[in-house]
Amino acid sequence: MGVLPKEVVREIIKENNFQTPQEIMKFLKDSFKDILQEMLEAEMDVHLGYSKGKKPPANSHNTRNGYSSKTVRSELGPVELNIPRDRKGEYNPKIVPKYSRDVSGIEEKVISLYAKGMSTRDIHEQIKELYGVEVSAELVSKITEGIVPEIKEWQNRPLEKVYPFIFMDAIHYKVRDEGQVNKRAAYVVVGIDLEGYKDILGIWIGDNESAKFWLGVLNDLKNRGVEDVLIFCLDGLTGLEEAIEAVYPKAEVQRCIIHQLRNSFKYVSYKDLKEFTKDFKSVYTAPNDETALEMLYELKKNGRKNTLMHSAKEPKAPIHKIIYTSFLDSINYYRWYHYPQ
Numbered sequence: 001m002g003v004l005p006k007e008v009v010r011e012i013i014k015e016n017n018f019q020t021p022q023e024i025m026k027f028l029k030d031s032f033k034d035i036l037q038e039m040l041e042a043e044m045d046v047h048l049g050y051s052k053g054k055k056p057p058a059n060s061h062n063t064r065n066g067y068s069s070k071t072v073r074s075e076l077g078p079v080e081l082n083i084p085r086d087r088k089g090e091y092n093p094k095i096v097p098k099y100s101r102d103v104s105g106i107e108e109k110v111i112s113l114y115a116k117g118m119s120t121r122d123i124h125e126q127i128k129e130l131y132g133v134e135v136s137a138e139l140v141s142k143i144t145e146g147i148v149p150e151i152k153e154w155q156n157r158p159l160e161k162v163y164p165f166i167f168m169d170a171i172h173y174k175v176r177d178e179g180q181v182n183k184r185a186a187y188v189v190v191g192i193d194l195e196g197y198k199d200i201l202g203i204w205i206g207d208n209e210s211a212k213f214w215l216g217v218l219n220d221l222k223n224r225g226v227e228d229v230l231i232f233c234l235d236g237l238t239g240l241e242e243a244i245e246a247v248y249p250k251a252e253v254q255r256c257i258i259h260q261l262r263n264s265f266k267y268v269s270y271k272d273l274k275e276f277t278k279d280f281k282s283v284y285t286a287p288n289d290e291t292a293l294e295m296l297y298e299l300k301k302n303g304r305k306n307t308l309m310h311s312a313k314e315p316k317a318p319i320h321k322i323i324y325t326s327f328l329d330s331i332n333y334y335r336w337y338h339y340p341q
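UniProt numbering puts the first residue of the sequence shown at 1, with every later residue one more than the last.
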């Protein structure tokens, strides 16, 4: 949308004789109201197929039926509008939807602030300070509750039949509950489909980890269409492996390689640990299977009687590596996994 020419702006100032910024704001608010009103009238014209004051076409079976008053919130303050009505009740304005009382995008701002952890009263003060609009704590609660059906619809959406990989992890957040802030775990399940695309399959909030809790999560995935999973990648969440065995008995379970390394290093003597850790990194950061195997055998050969390396066996399957770039937070972090051996 273009900017008004300076000549037009000067003419507006001259005609209205503005003396204060408040007078300019009032003019803008009134103009905004007039524009909205005209847009509503234009929408009704299109809906009925003829303009206001004109004779309806012979084939028209619907007519205007007066107005209903409605006050909406805007960034310029409350605006009173007269919403046109039609006799059949079929008119549903798009510029100001039937059940909407906000034309400023405030609802989106409220939800955004709420998602960042602000309380309803904090949001009330923030909106008032930024926009000069009174948004009560009760209204904030109503707005945030309004997205619950959308969340439930997303959480229950159908999923793919097969996922080669499913990652399961927990992220801990501070949650305000009945006036108190406590740490809660959000258990996030991310799948990689047959085309290699990542998708958050769901997020579950649980007070504690148990096989019963994970059975509920996995059965939910199954009920939403997931029939087969090749590999579950996880970080040793309590009760999860037992639940996977019950729901997806053919799936492989693979721990995060960081956890595997920590468990392996328990078998390395303290004096060799630093050098061994450095050397072993060349295995799991290798660019391909062949190089990884070469580095593994070289490390085993030079293991200096290391119990871990002398007991290492040749992998039964090719070593692969998935770098999991999490999009669960605003930052990226990495987890390394490989195929079972």
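Idealized CB from N, CA, C, for every residue including glycine.
Tell me where the alpha helix (DSSP H) around residue i begins and ends.
i: Ser282; result: 270 to 284
i: Gly216; result: 211 to 223
i: Lys300; result: 289 to 301
i: Ala243; result: 240 to 247
Is the beta carbon of residue j closer than 8 Å to that of residue i?
i: Asp169; j: Val188; result: yes
i: Ala185; j: Trp214; result: no
i: Val253; j: Glu241; result: yes
i: Leu299; j: Val283; result: yes
i: Ser100; j: Ile83; result: no
i: Arg224; j: Pro158; result: yes
i: Asn65; j: Leu48; result: no
i: Leu40; j: Leu81; result: yes
i: Phe232; j: Ile171; result: no
i: Tyr248; j: Leu293; result: no
i: Asp45; j: Lys52; result: yes
Does DSSP put residue i in a helix, a strand or coil?
i: Gln254; result: strand
i: Ser264; result: helix
i: Asp169; result: strand
i: Lys321; result: Residue confidence is low: Lys321 scores 46 on pLDDT, short of 50, so the model does not pin down where it sits. Its coordinate-derived value is still stated next. If DSSP states are grouped into helix, strand and coil, Lys321 belongs with coil.
i: Arg157; result: coil
i: Gln37; result: helix
i: Asn17; result: coil
i: Ile151; result: helix
i: Tyr50; result: coil
i: Arg64; result: strand
i: Tyr187; result: strand
i: Ile95; result: coil
i: Ala42; result: helix
i: Glu90; result: coil
i: Glu125; result: helix
i: Met309; result: With a pLDDT of only 49 at Met309, under 50, the local geometry of the prediction cannot be trusted, and the value read off the model is given with reservation. Helix.
i: Glu227; result: coil
Which residue from the options puts its Cα closest to that of residue i?
i: Glu38; options: Asn219, Pro93, Gln254; result: Pro93
i: Asp228; options: Leu240, Ile12, Lys250; result: Lys250
i: Pro78; options: Asp30, Asp272, Ser60; result: Asp30
i: Ile203; options: Glu241, Ile151, Gly239; result: Ile151
i: Glu43; options: Val96, Val175, Asn17; result: Val96
i: Phe32; options: Arg255, Val175, Leu201, Val103; result: Val103
i: Lys198; options: Gly89, Gly53, Val162; result: Val162
i: Trp154; options: Phe167, Lys14, Ile200; result: Ile200
i: Glu23; options: Leu76, Ile35, Ala58; result: Leu76
i: Leu237; options: Arg255, Leu230, Lys281, Thr285; result: Arg255
i: Gly239; options: Glu125, Asn17, Gly206, Gly53; result: Gly206
i: Leu221; options: Ser141, Tyr267, Glu160, Thr285; result: Glu160
i: Gly191; options: Tyr173, Leu234, Gly53; result: Leu234
i: Val72; options: Asp86, Lys98, Pro57; result: Lys98
At what residues does the beta strand (DSSP E) containing residue i begin and finish?
i: Pro84; result: 79 to 86
i: Leu201; result: 198 to 206
With a cut-off of 8 Å, does the C-beta of residue i fall near any C-beta of chain C?
i: Val79; result: You won't find chain C in this structure, because it holds only one protein chain.
From the DSSP output, read off the bridge partner residues of residue i.
i: Asn182; result: Val175
i: Thr71; result: Glu80
i: Glu232; result: The amino acid occupying residue 232 in the given sequence is Phe; Glu does not appear at that position. Bridge partners of Phe232: Ile166, Val253.
i: Asp193; result: In DSSP, Asp193 forms no bridge with anything.
i: Asp30; result: Its beta-bridge partners do not exist; DSSP assigns none.
i: Asp102; result: Arg73
With respect to 7 Å, is the separation between the Cβ of residue i and the closest non-hydrogen atom of the ligand MN below this value?
i: Lys70; result: Ligands are entirely absent from the displayed structure, and the ligand MN is therefore not among its contents.
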